[in-house]
Structure formats: structure tokens, C-alpha cells
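For reference, the structure is listed below as C-alpha cells.
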Amino acid sequence: MSTLLIVGAATIAVGAGVVFYGYKKGFFKKKSKSVKQIHNLEIKKIEGTLSFSDVVGWFKKLSLDSQKDTPFVALADKFEEMFTSYFKTENMIVYPPLPNGTFNGPNNKRLLLGVYDEKTDEITKSLLIIADAFDEKTLEVLGNEPLVVLS
Numbered sequence: 007m008s009t010l011l012i013v014g015a016a017t018i019a020v021g022a023g024v025v026f027y028g029y030k031k032g033f034f035k036k037k038s039k040s041v042k043q044i045h046n047l048e049i050k051k052i053e054g055t056l057s058f059s060d061v062v063g064w065f066k067k068l069s070l071d072s073q074k075d076t077p078f079v080a081l082a083d084k085f086e087e088m089f090t091s092y093f094k095t096e097n098m099i100v101y102p103p104l105p106n107g108t109f110n111g112p113n114n115k116r117l118l119l120g121v122y123d124e125k126t127d128e129i130t131k132s133l134l135i136i137a138d139a140f141d142e143k144t145l146e147v148l149g150n151e152p153l154v155v156l157s
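Here the sequence shown stands for residues 7 to 157, where the numbers follow our numbering.
Right, here's the structure in full:
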């Protein structure tokens, strides 16, 4: 009987130690979403129509690494609410503080070009384009989607 009592006490002690270690290391904590701002966001205004060749040209000059970089094109007005639907992330990616009037102007079209790095869970390169219109090829690539991942 005393052997059974000792074994039971030892089992409880080991179990309590495992639980304590788990709490200390954060294994039982619920992961909370954090908010990350887009780094190095450039803003470019185009008077006239944005050509898809300009979009492709911007991505080409970046010399992307296909193993870690995921290029995307998004309607800028819908980007923040759609990002987590397209990428595996627990974080909310948002714009940094923008100049007043960036999203004003009912006739302006806004397109966000970006490169997402899944390893760092960040957008490492980005360009917000404000134009009067998008050409047919840009509209075709976007289709009915607010965000399109390019390959």
C-alpha cells in the first residue's frame, strides 16, 4: 500500500512539473493576433491609366527569390480585410500612417503591389499606385478578386 502511495505521489509530482513547464514556456497560451505595419511602402500617383506592363516591370526590378517571396496585387481599399484570407498568418497586416487624402477621391483607382515573405510574416516590399484608371489587362488579372497572388 505504501509503495502504491509513493508511486501515485511521484506521478502527481511529475505531472505537475510538466504542466508548470508548459505554462512557463507558453504552450497553453492562446496565440493572439498582432498588428504589423507594411514596411517601406512607396506611393506613386499616375495621371492617366495604369498599364499592367508597369506592374510587371516593378516586380521584375525587385529580383525576387521564388523560395521565399510571394508577389501579389490587391485592390488597396480591400487589402487589410482580405490579407489573412489569402496568406497563412496569425497577424493583421495594415498600412502605416498614410498622407491625408490617400483614399479620398471617388474617381481614383488604388492598387497595392507587394511582396509577402512567409518566413518573416511581413510584406517586405510594397507600392501603392493611385491612378485615374486601370488598363484592360490589369482588370483581367484582378477579375472579381480583391487580391491576386502572382506566380
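Where is the CB? At the ideal position from N, CA and C, for every residue including glycine. Remember, it's a predicted structure, so these values are computed and weren't measured experimentally.
By the CB criterion at 7 Å, L47 and P103 fall outside the cutoff. G107 and K51 have their C-alpha atoms some 12 Å from each other. Taking every protein chain shown into account, the CB of P77 has 16 or more other CB atoms within 10 angstroms, so this residue is buried. Beta-carbon to beta-carbon, L145 and R116 are separated by about 14 Å, too far to satisfy the 8 Å threshold.
In this chain, the beta strand (DSSP E) harbouring G120 covers K115 to D123. Using a Cβ-Cβ distance cut-off of 8 Å, the region 92–99 and the region 59–73 are not in contact, since fewer than three pairs of beta carbons, one from each stretch, lie closer than that value. DSSP places F140 inside the beta strand (DSSP E), whose first and last residues are E128 to F140. The straight-line gap separating the alpha-carbon atoms of T130 and A139 is approximately 26 Å. Within the DSSP secondary-structure output, P103 pairs in no beta bridge. For G111 and I136, the gap between their C-alpha atoms comes out near 10 Å. In this structure, the beta-carbon distance from L119 to V79 falls below 7 Å. Distance from the Cα of P152 is smallest, within the candidate group L68, K94, E86 and H45, for E86.
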